[in-house]
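Everything below concerns the one structure shown next.
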Amino acid sequence: MLKSKLPPGAMLARMGGDEFAMVLTGSEAMKPSLDFAQSVLDFFARPVHIDERSLQVGASIGVATADIKAVRSEELFRRADMAMYESKSAGKNRITLYDATLDAERLRKTEIEDGIRKGLENDEFDVVYQPIVEARSGVISSVEALVRWPRRPEGAMMPDQFIDVAECSGLIHPLGQFVLRKACLDLGAVPGLRLSVNLSPAQFRDPELEAKVAKTLEETGFPVERLELEVTEGYLIENPARAVAAIANLKALGVSMALDDFGTGYSSIGYLRRYAFDKIKIDKSLAGTVDRDPQAAALVAGTVAIAQALHISVTAEGVETEDHVRLLKLAGCQYLQGFYYSRPKPLAEVLEWCEKASADKLTA
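Quick note on numbering that gives the first Met the number 0: the sequence shown kicks off at 0 and runs consecutively.
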């Protein structure tokens, strides 16, 4: 297929595995190179049929150009390779043109990766907690554990700046284990309060996940019935069979399972039936707009109705105003989470907030 779409004068070579390189020389090489790349994407946009089976195949493509007199061929291949990996990390099935900012971005990610590795060794990370409140009573029912990097030598870094790097580098495994272990130790001293911990796609992909969770619970003594693990849809799409098995194995331990960020991406009612979640968490992009978007309000109400029919509880995220509270309670959400109640805080501050909230209710 690739050979049939080559521009005149181009050379095609297999680099190994599933990687191929096309080389084209000449002052007007850019346009035919991009046309070739687009034709490859167009071809793979359709299912491939082999032995009565339909397969969906994708391609990630990187393109680099240079004056061959000024840049060695090894450097040109390196640039194209970097652009290809940028296509992969951006979601696959796309074309990326190399430019110098990719080198700067690679250096930035390498520095963050090294920092995470050293930070885990030097106790630079911490865990904070955001309350999840029972909608009717206003009483805190659980907390969500969230990682922070406050003791980084260069200054604190927010999760959205380092989590993706940890995920791509594999460091999410020790980082995730740190969060789970510390949260279990912290909450073990607080009777009755449930704990919710996020699992990244890479963690969920780990065949040793169930064993690691069981070992952490055993070593910390945290009651399994108080632990809830949250997953997003990414890995559910990537490997449905493995996801079903992983969720079943975790539930067999006694852990509750929640589908996070429901209402974004490809989340569907079919997920709720297939994966046997105990809870869904409606994303703030929906729950946080119920006061100004009638469609969002209708979607939330419909989601809650279906979840209730399937005996799945619902938490609404992104709760920031009294109107949010009123409308989400009216829609039937059992639990609410957001800045209206509290930002993520150290556990001691969360417990102080709980005591104050309880005192206010008694004196009201």
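Glycine included, each C-beta is placed from N, C-alpha and C at the ideal position. The structure presented is a predicted model; accordingly, all values stated were derived computationally and were not measured.
Helix, strand or coil, according to DSSP, for residue i in the structure here?
| i | result |
| --- | --- |
| glutamine 333 | coil |
| lysine 315 | It is worth fixing the name first, because residue 315 is alanine in this sequence and not lysine. In this structure, alanine 315 counts as strand in the three-state DSSP scheme. |
| isoleucine 94 | strand |
| alanine 9 | coil |
| glutamate 18 | strand |
| alanine 144 | strand |
| glycine 114 | helix |
| glutamine 55 | coil |
| proline 190 | coil |
| glutamine 130 | The sequence shown places proline at residue 130, not glutamine. It is a strand residue. |
| lysine 355 | helix |
| glutamate 232 | coil |
| isoleucine 246 | helix |
| lysine 344 | strand |
| leucine 23 | coil |
| serine 367 | Nothing can be reported for residue 367, as the shown portion of the chain is limited to 0 through 363. |
| valine 70 | coil |
| aspartate 125 | strand |
| leucine 361 | Per-residue confidence for leucine 361 stands at a pLDDT of 43, beneath the threshold of 50, marking its modelled position as unreliable; no derived number is given. |
| valine 138 | coil |
Taking the C-alpha atoms as reference points, what is the distance between residue i and residue j?
| i | j | result |
| --- | --- | --- |
| threonine 219 | cysteine 183 | 6 Å |
| valine 138 | proline 200 | 31 Å |
| proline 6 | aspartate 163 | 37 Å |
| glutamine 160 | serine 141 | 26 Å |
| valine 196 | alanine 28 | 51 Å |
| valine 178 | isoleucine 236 | 25 Å |
| proline 158 | phenylalanine 261 | 20 Å |
| alanine 347 | glutamate 18 | 52 Å |
| valine 349 | lysine 355 | 10 Å |
| lysine 68 | glycine 154 | 43 Å |
| glycine 8 | alanine 65 | 17 Å |
| tyrosine 270 | histidine 48 | 27 Å |
| isoleucine 279 | alanine 300 | 13 Å |
| serine 168 | glutamate 110 | 12 Å |
| glutamate 166 | asparagine 238 | 17 Å |
| lysine 30 | arginine 272 | 48 Å |
| serine 32 | valine 22 | 9 Å |
| aspartate 185 | glutamate 217 | 15 Å |
| valine 62 | aspartate 113 | 28 Å |
| alanine 36 | aspartate 50 | 27 Å |
| aspartate 322 | aspartate 125 | 33 Å |
| histidine 172 | aspartate 205 | 9 Å |
| arginine 150 | methionine 156 | 9 Å |
| lysine 214 | arginine 180 | 10 Å |
| serine 38 | alanine 20 | 15 Å |
| serine 136 | valine 324 | 12 Å |
| aspartate 102 | tyrosine 340 | 42 Å |
| glutamate 232 | serine 3 | 37 Å |
| aspartate 282 | aspartate 98 | 35 Å |
| glutamate 143 | cysteine 353 | 15 Å |
| glutamate 364 | alanine 251 | The question about residue 364 has no answer here: the residues shown for the chain are numbered 0 through 363. |
| alanine 363 | leucine 198 | Its pLDDT being 44, under 50, alanine 363 is placed unreliably by the model, and the measurement read from it follows with that caveat. For alanine 363 and leucine 198, the distance between alpha carbons rounds to 39 Å. |
| alanine 330 | alanine 295 | 11 Å |
Which whole-angstrom value describes the C-beta separation of residue i and residue j, a residue pair presumed to lie in contact below a C-beta threshold of 8 Å?
| i | j | result |
| --- | --- | --- |
| glutamine 336 | glutamate 319 | The Cβ separation is near 11 Å, so there is no contact. |
| valine 212 | leucine 249 | 7 Å |
| serine 86 | threonine 100 | Rounded, the Cβ-Cβ distance is 15 Å, inconsistent with contact. |
| threonine 263 | serine 284 | 6 Å |
| alanine 297 | leucine 327 | Actually they do not touch by this definition, with Cβ atoms about 13 Å apart. |
| glycine 187 | phenylalanine 221 | 5 Å |
| leucine 145 | proline 343 | 5 Å |
| valine 203 | tyrosine 234 | Reading off the sequence, residue 203 comes out as phenylalanine, not valine. Correct: roughly 5 Å between the Cβ atoms. |
| methionine 81 | isoleucine 60 | That pair is no contact at about 12 Å. |
- Query: With contact counted as at least three CB pairs below 8 Å, one residue from each stretch, are the segment 106-125 and the segment 190-199 in contact?
  - Reply: no
- Just checking, does the segment 249-260 make contact with the segment 223-241 on the three C-beta pairs under 8 Å criterion? yes
- In chain order, each alpha helix (DSSP H) run of at least 4 residues that lies wholly inside the segment 150-187: 158-168, 171-187
- Segment contact flag, the segment 108-125 with the segment 55-71, C-beta cutoff 8 Å, min 3 pairs: no
- Message: Report the start-end ranges of each alpha helix (DSSP H) in the segment 260-326 that is 4 residues or longer and not cut off at the edges.
- Response: 268-274, 283-286, 293-308
- Task: Flag this pair as touching only if the segment 237-251 and the segment 201-209 have three or more C-beta atom pairs under 8 Å; answer yes or no.
- Result: yes
- Evaluate the contact criterion for the segment 88-103 versus the segment 287-307: three or more CB pairs, one atom per stretch, below 8 Å. no
- Task: Could you tell me whether the segment 327-345 touches the segment 127-143, using the rule of 3 or more Cβ pairs below 8 Å?
- Result: Flag = yes, the segment 327-345 and the segment 127-143 touch.
- Task: Decide if the segment 10-18 is in contact with the segment 60-74; the criterion is three or more beta carbon pairs, one per stretch, under 8 Å apart.
- Result: no
- Runs of beta strand (DSSP E) wholly within the segment 188-227 (minimum 3 residues, chain order): 193-197
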